[in-house]
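This report refers to the structure that appears directly beneath it.
Number of protein chains: 2
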Amino acid sequence: MARARELAGRTLAELAHRHGQTPPEDLRRAKGWFGQLIEESLGATAGSLAEPDFQRLGIELKTIPVGSDGRPKESTYVCTVPLTGGDGLVWEDSWVRRKLQRVLWIPVEAAPEIPLTERRAGSALLWELEPDLEATLRTDWEELMEMVCLGQLERISARHGTYLQIRPKAANSRALRWAVGETGERILTNPRGFYLRTVFTRQILRRHYALP
Amino acid sequence: MARARELAGRTLAELAHRHGQTPPEDLRRAKGWFGQLIEESLGATAGSLAEPDFQRLGIELKTIPVGSDGRPKESTYVCTVPLTGGDGLVWEDSWVRRKLQRVLWIPVEAAPEIPLTERRAGSALLWELEPDLEATLRTDWEELMEMVCLGQLERISARHGTYLQIRPKAANSRALRWAVGETGERILTNPRGFYLRTVFTRQILRRHYALP
DNA sequence: GAGGATCCATGCGTGGATCCTG
DNA sequence: CAGGATCCACGCATGGATCCTC
Numbered sequence: 025m026a027r028a029r030e031l032a033g034r035t036l037a038e039l040a041h042r043h044g045q046t047p048p049e050d051l052r053r054a055k056g057w058f059g060q061l062i063e064e065s066l067g068a069t070a071g072s073l074a075e076p077d078f079q080r081l082g083i084e085l086k087t088i089p090v091g092s093d094g095r096p097k098e099s100t101y102v103c104t105v106p107l108t109g110g111d112g113l114v115w116e117d118s119w120v121r122r123k124l125q126r127v128l129w130i131p132v133e134a135a136p137e138i139p140l141t142e143r144r145a146g147s148a149l150l151w152e153l154e155p156d157l158e159a160t161l162r163t164d165w166e167e168l169m170e171m172v173c174l175g176q177l178e179r180i181s182a183r184h185g186t187y188l189q190i191r192p193k194a195a196n197s198r199a200l201r202w203a204v205g206e207t208g209e210r211i212l213t214n215p216r217g218f219y220l221r222t223v224f225t226r227q228i229l230r231r232h233y234a235l236p
Numbered sequence: 025m026a027r028a029r030e031l032a033g034r035t036l037a038e039l040a041h042r043h044g045q046t047p048p049e050d051l052r053r054a055k056g057w058f059g060q061l062i063e064e065s066l067g068a069t070a071g072s073l074a075e076p077d078f079q080r081l082g083i084e085l086k087t088i089p090v091g092s093d094g095r096p097k098e099s100t101y102v103c104t105v106p107l108t109g110g111d112g113l114v115w116e117d118s119w120v121r122r123k124l125q126r127v128l129w130i131p132v133e134a135a136p137e138i139p140l141t142e143r144r145a146g147s148a149l150l151w152e153l154e155p156d157l158e159a160t161l162r163t164d165w166e167e168l169m170e171m172v173c174l175g176q177l178e179r180i181s182a183r184h185g186t187y188l189q190i191r192p193k194a195a196n197s198r199a200l201r202w203a204v205g206e207t208g209e210r211i212l213t214n215p216r217g218f219y220l221r222t223v224f225t226r227q228i229l230r231r232h233y234a235l236p
């Protein structure tokens, strides 16, 4: 947390320099760059997929791009959608809940008028999933996963879900995975991810900072 | 087959040059180099894991290192061992049989006194699994797979099997996979592969070339 | 605005095999 | 000698997310 608080107000150029990195021209070809820089800054083993330090602590790290008004500009990826359902339909055991139980949110300036290297990190927020938000997430997740298990995946659009939505998550739309079809048969479909809508992350930020 | 026959007598230097490649100093750090060069020479998409041309034809390609006497110097890797057994114990459906049903063998000189770049490819042999050899392979496979399924994997050493043996197959001995333990529980163990002993490949070469 | 599409880094597994001690 | 250990290449999946048209 000491390291996380120290990030507040630092520019991307500053953080990149600390870690001997050169910022990319823009984020079009390095979409995850900032998130990975924060990982390094906080002592997570850079690029270590299996065991970032935060998972040992039970803490998920998320950077969140905010506009000049402090509101989130993008949805937040949570995890992949299990397309073969089998893992049970119990919210308490779901990856979504496990990922969101405790999150260290790091806001970062993302207003287009600020040059990339001059954008600053904000105040870190160590947050735990609150009961009212969890109730809605749970309903979303149960409804979505029921459709997945019943083979209605193709009928799910990003419009389903209040806080949680399902959207494609892949290198491109040619990527395919096996899933359950309408009549229980195996079908090929694009891989999907769970995402948090900005209305969700906006609430979180609003509760803990003074924001519109 | 025209391309395969044309390889006979070519040196590794020659084949590498054709494909714009530079031979490694030795094979210690490039153990698969020659096999992959042959793949390219025969028009298999270089490095394409899923669908080499030969698999479309139902043909497996194997290079086989031979000493100055023409006898194989190394065992031949076939495929990984399914450690969770579940795929059934029917030889006819096994990956080992599918891989070995039709093989294009390409002998290559491997006598230590010949410098790597001057070693030559031999005459290609398009071979089909013969009934007498298959019978022994089948027995080996059934005995080994039964042990795997019964959780006796740790008791299998490379000494089991007449023609087919099970040996570790991994980047190193720290690599682990889930398998079935003695009492049916899940255990972690090193990944294994099926290998053909040299007595097997020696017989094949002997039947089709005049060899000791 | 946001749904659908896409992009980079990197770990892991498989396929190509040979190495190297006891 | 040969059983057990190891090495490189590369495809694929996942985790980091933002892009970019309707």
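In order, the protein sequence lines correspond to chains H and X. If you read the first sequence in the numbering used here, its first letter stands for residue 25, the second for the next number, and so on. If you read the second sequence in the numbering used here, its first letter stands for residue 25, the second for the next number, and so on. Ideal Cβ positions, reconstructed from N, Cα and C, are used throughout, including at glycine. Since this is a predicted model, take the numbers as computed values, not measurements.
Pick helix, strand or coil for Arg-53 of chain X, following the three-state DSSP scheme. coil
Does the Cβ of Thr-222 of chain X have 16 or more other Cβ atoms within 10 Å, making it buried, or fewer, making it exposed? buried
Just list the residues that DSSP pairs Thr-35 of chain X with in beta bridges. X:Arg-144
Out of X:His-41, X:Leu-51 and X:Trp-151, state which residue places its alpha-carbon closest to the alpha-carbon of Gly-82 of chain X. X:Trp-151
Do Leu-51 of chain X and Leu-140 of chain X have their C-beta atoms within less than 9 angstroms of each other? yes
Boundaries (first-last residue) of the alpha helix (DSSP H) holding Val-172 of chain X: 155–173
Hey, Ala-148 of chain X and Leu-128 of chain X are a contact pair by Cβ (cut 8 angstroms); roughly how many whole angstroms apart? 6 angstroms
Are the stretch 163–182 of chain H and the stretch 200–218 of chain H touching by the rule of at least three beta carbon pairs closer than 8 angstroms? yes
Please state whether DSSP places Lys-86 of chain X in a helix, a strand or coil. strand
Under 8 angstroms by Cβ, that's how I've got Lys-97 of chain H and Pro-89 of chain H pegged, so tell me the actual separation to the nearest angstrom. 5 angstroms
DSSP state of Ile-228 of chain H, grouped into three classes? helix
Quick one: measure Cβ to Cβ for Ala-28 of chain H and Leu-66 of chain H, integer angstroms, because I've assumed they're closer than 8 angstroms. 6 angstroms
Element boundaries [beta strand (DSSP E), containing Gln-189 of chain H]: 188–192
Which class does Glu-116 of chain H belong to by DSSP, given the choice of helix, strand or coil? helix
Please identify the residue among X:Pro-47, X:Gly-205 and X:Cys-173 whose C-alpha is closest to the C-alpha of Arg-143 of chain X. X:Pro-47
For the alpha helix (DSSP H) containing Ala-203 of chain H, name the first residue and the last one. Not the alpha helix (DSSP H): Ala-203 of chain H falls in the beta strand (DSSP E), residues 201–204.
For Glu-206 of chain X and Leu-168 of chain X, what's the separation of their Cα atoms in angstroms? 15 angstroms
Host alpha helix (DSSP H) of Glu-209 of chain H (start-end): It is not in any alpha helix (DSSP H) - Glu-209 of chain H carries neither H nor E in the DSSP assignment.
In terms of residue numbering, what span does the beta strand (DSSP E) encompassing Arg-216 of chain X cover? 216–220
Is Phe-105 of chain X helix, strand or coil by DSSP? The question names Phe, but residue 105 of chain X in the sequence shown is Val. Note: Val-105 of chain X maps to coil in three-state DSSP.
Nearest neighbour of Lys-15 of chain X, chosen from X:Gly-94, X:Val-102 and X:Ala-32 [CA to CA]: Not covered by the structure: residue 15 of chain X. The range shown for chain X is 25 to 236.
Applying the 10 Å Cβ sphere with the 16-neighbour rule, what's the burial state of Thr-186 of chain X? exposed
Tell me which same chain residues have a C-beta within less than 6 angstroms of the C-beta of Trp-202 of chain X, skipping the five on either side of it? Arg-210
Extent of the continuous beta strand (DSSP E) run through Glu-152 of chain X: 149–152
With Ala-234 of chain H and Gly-146 of chain H assumed to form a contact (beta carbons below 8 angstroms), what rounded beta-carbon distance in angstroms separates them? No, Ala-234 of chain H and Gly-146 of chain H are not in contact; Cβ-Cβ is about 13 angstroms, not under 8 angstroms.
Could you give the C-beta distance for Leu-188 of chain H and Val-120 of chain H, rounded to a whole number, given that I count them as a contact under 8 angstroms? 7 angstroms
Spatial neighbours of Ser-197 of chain H within its chain, please: CB distance less than 8 angstroms, with the 5 preceding and 5 following residues excluded, ordered by chain position. Asn-214
So if DSSP puts Thr-100 of chain H in a beta bridge, which residue, or which two residues, is it bridged to? H:Leu-220
May I have the straight-line CA-CA distance separating Ala-68 of chain X from Gly-208 of chain H, to the nearest angstrom? 37 angstroms
CA-CA distance, Ala-194 of chain H and Gly-91 of chain H? 26 angstroms
Enumerate in chain order the residues of its own chain whose CB-to-CB distance from Leu-212 of chain H is below 8 angstroms, with the five nearest sequence positions on each side excluded. Leu-200, Arg-201, Trp-202 and Ala-203
Suppose contacts are defined by Cβ-Cβ distances below 9 angstroms. Is Ser-118 of chain X in contact with Arg-191 of chain X by that definition? no
Per DSSP, cross-strand counterpart(s) of Ile-130 of chain X: X:Thr-87
Could you give the DSSP three-state label for His-184 of chain X: helix, strand or coil? coil
For Arg-226 of chain X versus Arg-95 of chain X, is the C-beta spacing smaller than 9 angstroms? yes
Is DSSP giving Glu-64 of chain X helix, strand or coil here? helix
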